[in-house]
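Peer 1: Can you read through this structure? Questions will come right after.
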Amino acid sequence: MGTLNFIVLIPFLTALLIPLFYKKGSRLHIGLLPILVAVSLFIYLLTYIPDIANGKTFLHTISWIPSYGINFTTYLDGLSLIFALLITGIGTLVILYSIYYLSENEQLGHFYTYLMMFMGAMLGVVLSDNLMVLYVFWELTSISSFLLIAFWYQRKRSREGAQKSMLITMSGGFGMLVGFLMLYAITGTMNVREIIEIIPDLTGHVLFVPAMLLLLFGAFTKSAQFPFHIWLPDAMEAPTPVSAYLHSATMVKAGIYLVARFTPVFGGEGVWFWIVTGVGIFTLFWGSFQAVRQTDLKALLAYSTVSQLGMIMSMFGMGSVALNFGYSTESVFYTQATFAALFHLINHSTFKGALFMAVGIVDHEVGTRDIRRLGGLATFMPITFTISLIGSFSMAGLPPFNGFLSKEMFFQAAIDITTLGVFHVDTLGNLIPIVAWIASIFTFVYSMIIVFQTFLGPYKEERLERSANESPIGMLISPLILAGLVLIIFFFPNVLGNYIIRPAMASVFPSLATQVDLGVEILRWHGFNSLALWMTIGVVLIGIILYKFPKIWRWIYVLFPGEWSFNSLYNFAIEQGEKSSRRFTNSYMTGDLRNYLMYIFSFFILLIAGAFVLTGSYNFTISDNAMISTFEWIIVMSLMIAAISILFAKSRLTAILLNSVLGYGVALLFVIFRAPDLALTQTVVETVTTVLFLVAYYFLPEWQKEQGTRKANLTKLVVSIAVGATFTVVALAAQNNRLFERISTYFEDSYELAGGRNIVNTILSDFRGFDTMLEVVVLLIAGLGVYSIIKLKAGKRGKKIENQ
Numbered sequence: 001m002g003t004l005n006f007i008v009l010i011p012f013l014t015a016l017l018i019p020l021f022y023k024k025g026s027r028l029h030i031g032l033l034p035i036l037v038a039v040s041l042f043i044y045l046l047t048y049i050p051d052i053a054n055g056k057t058f059l060h061t062i063s064w065i066p067s068y069g070i071n072f073t074t075y076l077d078g079l080s081l082i083f084a085l086l087i088t089g090i091g092t093l094v095i096l097y098s099i100y101y102l103s104e105n106e107q108l109g110h111f112y113t114y115l116m117m118f119m120g121a122m123l124g125v126v127l128s129d130n131l132m133v134l135y136v137f138w139e140l141t142s143i144s145s146f147l148l149i150a151f152w153y154q155r156k157r158s159r160e161g162a163q164k165s166m167l168i169t170m171s172g173g174f175g176m177l178v179g180f181l182m183l184y185a186i187t188g189t190m191n192v193r194e195i196i197e198i199i200p201d202l203t204g205h206v207l208f209v210p211a212m213l214l215l216l217f218g219a220f221t222k223s224a225q226f227p228f229h230i231w232l233p234d235a236m237e238a239p240t241p242v243s244a245y246l247h248s249a250t251m252v253k254a255g256i257y258l259v260a261r262f263t264p265v266f267g268g269e270g271v272w273f274w275i276v277t278g279v280g281i282f283t284l285f286w287g288s289f290q291a292v293r294q295t296d297l298k299a300l301l302a303y304s305t306v307s308q309l310g311m312i313m314s315m316f317g318m319g320s321v322a323l324n325f326g327y328s329t330e331s332v333f334y335t336q337a338t339f340a341a342l343f344h345l346i347n348h349s350t351f352k353g354a355l356f357m358a359v360g361i362v363d364h365e366v367g368t369r370d371i372r373r374l375g376g377l378a379t380f381m382p383i384t385f386t387i388s389l390i391g392s393f394s395m396a397g398l399p400p401f402n403g404f405l406s407k408e409m410f411f412q413a414a415i416d417i418t419t420l421g422v423f424h425v426d427t428l429g430n431l432i433p434i435v436a437w438i439a440s441i442f443t444f445v446y447s448m449i450i451v452f453q454t455f456l457g458p459y460k461e462e463r464l465e466r467s468a469n470e471s472p473i474g475m476l477i478s479p480l481i482l483a484g485l486v487l488i489i490f491f492f493p494n495v496l497g498n499y500i501i502r503p504a505m506a507s508v509f510p511s512l513a514t515q516v517d518l519g520v521e522i523l524r525w526h527g528f529n530s531l532a533l534w535m536t537i538g539v540v541l542i543g544i545i546l547y548k549f550p551k552i553w554r555w556i557y558v559l560f561p562g563e564w565s566f567n568s569l570y571n572f573a574i575e576q577g578e579k580s581s582r583r584f585t586n587s588y589m590t591g592d593l594r595n596y597l598m599y600i601f602s603f604f605i606l607l608i609a610g611a612f613v614l615t616g617s618y619n620f621t622i623s624d625n626a627m628i629s630t631f632e633w634i635i636v637m638s639l640m641i642a643a644i645s646i647l648f649a650k651s652r653l654t655a656i657l658l659n660s661v662l663g664y665g666v667a668l669l670f671v672i673f674r675a676p677d678l679a680l681t682q683t684v685v686e687t688v689t690t691v692l693f694l695v696a697y698y699f700l701p702e703w704q705k706e707q708g709t710r711k712a713n714l715t716k717l718v719v720s721i722a723v724g725a726t727f728t729v730v731a732l733a734a735q736n737n738r739l740f741e742r743i744s745t746y747f748e749d750s751y752e753l754a755g756g757r758n759i760v761n762t763i764l765s766d767f768r769g770f771d772t773m774l775e776v777v778v779l780l781i782a783g784l785g786v787y788s789i790i791k792l793k794a795g796k797r798g799k800k801i802e803n804q
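In case it helps, full-length UniProt numbering puts the sequence shown at residues 1 to 804.
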């Protein structure tokens, strides 16, 4: 097994071990195991930086389903290394933070199991080079995030938030899967690297654009792009460590990663440019606009995350246009937007992770996140205030914080894109810098709200659940490290640019990287001639005015009432869907087994008999059949008499015995047809079934034969005859209408293929071994369920006796 494959699997193995080691009241906190794993993976990945910076890549493959081109192939390059470092690095800090944040009375074993599952799934997404394996890990992120968001499942809003995130992200995942299958149909390969090499000659394929749209559908749902952003604010019902990890640094970045990874495939196309840039830039505006109106700090951060993700997405869209020019000066010029996107991707993880943790500390210490109840906390929580100040000012794009550098690069990219000579950017493209600038003003406003309305102003102790105090040092370590990185990156940005971002650029633009250096020198000062700097000055001035005089412009939110939002549309669709499904289900779930059998048999007749009639496959002849012996006639007639007699039985015992006659009669037919093993199996099964029937019916009330109406009885008679006739016609037609070679000829070689002479046994144990294994698992689960119910009832009965 390759080292990279093992990196992906280690978190899953840890998730399996946590329940074994977790014990409440233990001296050693269970969080120590996952934090040890996370920090080890992070340090190990750091060792790859020198080689990756020198242009090396690493590939490991484990054969899985080679006949379909599906192998567990892991690929580490500059792009995947950025995300892997974020996943493990931020993951380490989040686990450390959670050790002090979560109470020991919580289900910590469950929490860390889900968290490690998520870490492994995210590593699988960014390191997988096979489309199907990537999809498997993609959906695992949705499942594990569902479990984490619903961790406090006692709360209705937590359950609803988890459900919403899963429905939206998994629906996008299904669409992405179809897009992957289309890419496979276009290129004939599942490997992403091979697709990148093959696709330039196949862009005119009829499935090229549909595959692109479906892939973007998956990316937009996962990265909360408009209008799929509605799941992210509701997901904030999760514990703060989950929000800091999933919704600022990892899960929401999965869609960003997908867009970056497939930019070499679809980049340079007008459809890709306009959709990615357009959706991203509008999401940037809408998220910042909605963030300002929030009164809950985590909700504000949620919408700010939506906004920042839109900003990153738009930069990837703008940068992708470089592939339209091929190798030229223009192409290198426009790649700077992608460099800025990767830079801000890292910056956002640092300042937003710090902010989430700071907000979690506020909630943990004073018992509320409501901005209207907060104020004056800086005096009591100076360290938390400092962390929030650094994070908020970086998010607002102010110096000397790393957010200023990447925001300036974003402004410059938005300005430069208006000079583009393709895709009609010279007209509609002029809106890009305007929308970006307006969105940045709202970003500045909500960043000021976090700092000034939470930590400054009058202290409102009477509105707090608990008196304000600084949190324990253990809870401050992680956000302090992230806040420190915000400052370090500002003063030493090119260390990050040269060793981390530059190799990632080579992954996004492999065709250009072979001919030119795609690196960009990150400057802290561009001079007063920089239009981006004047845009920042305008953001600050207008932002201060809007913050100081909210009554002048807050009326604008009246134009966007909550009942007209996409969130309300989602809630309405879910509510109506539940009502409709409930009405439909109640219409046929009558509790009467006879009705259920009627539905099943009627559907069977319509489907099978209808197909036979439409295709003309009901023709058959019996002239070539063997003669029916006397013993066979006797057995068949006995079966017919027993079957008809059941209809007139006046007791359950008589009906059970007549039913067993049918089973034993079939066993006799197997004996006559020289199939002793089947006859023995049938006899054993029939005996056990008959005994179970007798035992079960012994406890039922006295049998009262149903007295149905003449019409109902006639309907049942017609359905019964139709089912019998359909089965008979199917059996006869199958004998005389062979469209394919007999499958039995394959199983006749059972000894050579499976080492067994008994064909039936080899089919059960070898040819369909997985099917048999799953059937046994189903029986095991059913047995465990019955055992659990019995134990629960016994426990309740014992408690009742004790209470008496």
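Yeah, the Cβ is synthetic: ideal placement off N, Cα and C, and Gly gets one too.
Please name the residue in VAL425, PHE385, MET170 and LEU76 whose C-alpha comes closest to that of ARG261.
Peer 2: Out of VAL425, PHE385, MET170 and LEU76, LEU76 has the C-alpha closest to the C-alpha of ARG261.
Peer 1: Taking three-plus beta-carbon pairs below 8 Å as touching, is the region 269-278 in contact with the region 100-113?
Peer 2: Touching, no, given that fewer than three Cβ pairs across the two stretches are closer than 8 Å.
Peer 1: Give the DSSP-derived three-state secondary structure of PHE549 in the structure shown.
Peer 2: Reduced to three states, the DSSP call for PHE549 is coil.
Peer 1: Tell me whether LEU464 sits in a helix, a strand or coil according to DSSP, three-state version.
Peer 2: DSSP places LEU464 in coil when its eight states are reduced to three.
Peer 1: Straight-line CA distance for PHE208 to GLY218?
Peer 2: About 16 Å.
Peer 1: Of all the options LEU258, HIS424 and GLY457, which has the alpha carbon lying nearest to the alpha carbon of VAL126?
Peer 2: Selected option, being the one with the closest Cα: LEU258.
Peer 1: Quick one: using the 10 Å Cβ neighbour count with 16 as the cut-off for buried, is ILE801 buried or exposed?
Peer 2: For ILE801, the predicted structure reports a pLDDT of 46, less than 50, and the residue's modelled location is therefore unreliable. A value from the coordinates is still provided. Under this definition ILE801 is an exposed residue.
Peer 1: Taking 8 Å as the cut-off, decide whether the C-beta atoms of ALA414 and VAL306 are in contact.
Peer 2: Not closer than 8 Å, so no.
Peer 1: For a quick check, are the C-beta atoms of TYR318 and HIS344 less than 8 Å apart?
Peer 2: In the sequence under discussion, the amino acid at residue 318 is Met, which differs from the Tyr named in the question. Not in contact: MET318 and HIS344 (Cβ atoms no closer than 8 Å).
Peer 1: Are the Cβ atoms of ILE281 and ILE441 separated by less than 8 Å?
Peer 2: The answer is no: Cβ separation not under 8 Å.
Peer 1: In terms of residue numbering, what span does the alpha helix (DSSP H) encompassing ASN659 cover?
Peer 2: Looking at the DSSP string, the run of the alpha helix (DSSP H) that includes ASN659 is 652-672.
Peer 1: Below 6 Å CB to CB, which residues in the same chain sit around PHE385 once its five sequence neighbours on both sides are set aside?
Peer 2: Cβ neighbours of PHE385 beyond the five flanking positions: ALA378 and PHE455.
Peer 1: Measure how close the beta-carbons of PHE604 and VAL778 come, nearest whole angstrom, since I'm counting them as under 8 Å.
Peer 2: Not quite, the Cβ-Cβ distance comes to about 23 Å (not below 8 Å), so this is no contact.
Peer 1: What are the boundary residues of the beta strand (DSSP E) that LEU140 is part of?
Peer 2: Here LEU140 belongs to no beta strand (DSSP E); instead the alpha helix (DSSP H) covers 131-149.
Peer 1: Less than 8 Å between the C-beta atoms of PHE285 and ILE438, yes or no?
Peer 2: Going by C-beta atoms, PHE285 is nearer than 8 Å to ILE438.
Peer 1: Since THR350 and ASN402 should fall inside the 8 Å C-beta cutoff, what is the C-beta to C-beta distance between them, to a whole number of angstroms?
Peer 2: That pair is a contact at about 7 Å.
Peer 1: List, from N- to C-terminal side, the alpha helix (DSSP H) runs of 4 residues or more that fit wholly inside the region 186-248.
Peer 2: Runs of the alpha helix (DSSP H) inside the region 186-248: 192-198, 208-222, 231-234 and 240-246.
Peer 1: Taking 6 Å as the limit between beta carbons, can you name the residues of its chain near ALA642, skipping five residues before and five after?
Peer 2: Excluding sequence neighbours, ALA642 sits near LEU658, VAL661 and LEU662.
Peer 1: Rounded to the nearest angstrom, what separates TYR588 and SER581 at their Cα positions?
Peer 2: So the alpha carbons of these two residues sit roughly 11 Å apart.
Peer 1: Quick check: the Cα distance between GLN453 and GLY375, rounded to an integer number of angstroms?
Peer 2: One C-alpha to the other measures close to 6 Å.
Peer 1: May I have a chain-ordered list of the alpha helix (DSSP H) segments no shorter than 4 residues that lie completely inside the region 465-496?
Peer 2: Segments of the alpha helix (DSSP H) lying fully in the region 465-496: 473-491 and 493-496.
Peer 1: With distances taken between CB atoms, is the gap from SER165 to ILE149 smaller than 8 Å?
Peer 2: Taking 8 Å as the Cβ cut-off, SER165 and ILE149 qualify as a contacting pair.
Peer 1: Rounded to a whole number of angstroms, what is the C-alpha to C-alpha distance between ALA504 and THR57?
Peer 2: Computed Cα separation, rounded: 11 Å.
Peer 1: Would you call the region 514-533 and the region 546-557 in contact, with 3 or more CB pairs under 8 Å?
Peer 2: Cβ pair count under 8 Å is below three, so no.
Peer 1: Between GLY91 and MET119, how many whole angstroms is the CB-CB distance? I'm expecting something under 8 Å.
Peer 2: About 5 Å separates the two Cβ atoms, so the contact holds.
Peer 1: Could you give the DSSP three-state label for ILE743: helix, strand or coil?
Peer 2: ILE743 falls in the coil class under three-state DSSP.
Peer 1: Suppose you measure from the CA of LYS253 to the CA of ASP51; what does that come to, to the nearest Å?
Peer 2: Rounded to whole angstroms, LYS253 to ASP51 spans 25 Å at the Cα level.
Peer 1: So, at 8 Å on beta carbons, what are the nonlocal neighbours of PHE87 in its own chain, with the 5 sequence-adjacent residues on each side left out?
Peer 2: First, the residue type needs correcting, since residue 87 is Ile and not Phe in the sequence shown. Within the same chain, ILE87 has close Cβ partners MET119, MET122, LEU123, VAL126, ALA249 and THR250.
Peer 1: How big is the Cα-Cα spacing for GLY497 and PRO19?
Peer 2: One C-alpha to the other measures close to 41 Å.
Peer 1: DSSP on LEU76, reduced to helix/strand/coil?
Peer 2: Three-state result, LEU76: strand.
Peer 1: In whole angstroms, give me the CA-to-CA distance for ALA513 and PHE423.
Peer 2: Approximately 24 Å between the Cα atoms of the pair.
Peer 1: Can you check whether the CB of THR203 is closer than 8 Å to the CB of ILE195?
Peer 2: No. Outside cutoff.
Peer 1: Going by beta carbon distance, what residues of the same chain come within less than 7 Å of ARG466, once the five residues before and after it are set aside?
Peer 2: Closer than 7 Å at Cβ, skipping near neighbours: GLU365, VAL366 and GLY367.
Peer 1: Roughly how far, in whole angstroms, is the beta-carbon of ASN130 from the beta-carbon of ILE198, given that I think they are within contact range, below 8 Å?
Peer 2: In fact, because the Cβ distance is near 15 Å, the residues do not count as touching under 8 Å.
Peer 1: Whether or not the region 386-399 and the region 478-494 are in contact is what I'm after, with contact meaning three or more pairs of Cβ atoms, one per stretch, closer than 8 Å; do they touch?
Peer 2: Touching, yes.
Peer 1: Whose C-alpha, out of LEU753, SER511, ILE781 and VAL206, is nearest the C-alpha of ARG768?
Peer 2: The candidate whose alpha carbon is nearest that of ARG768 is LEU753.
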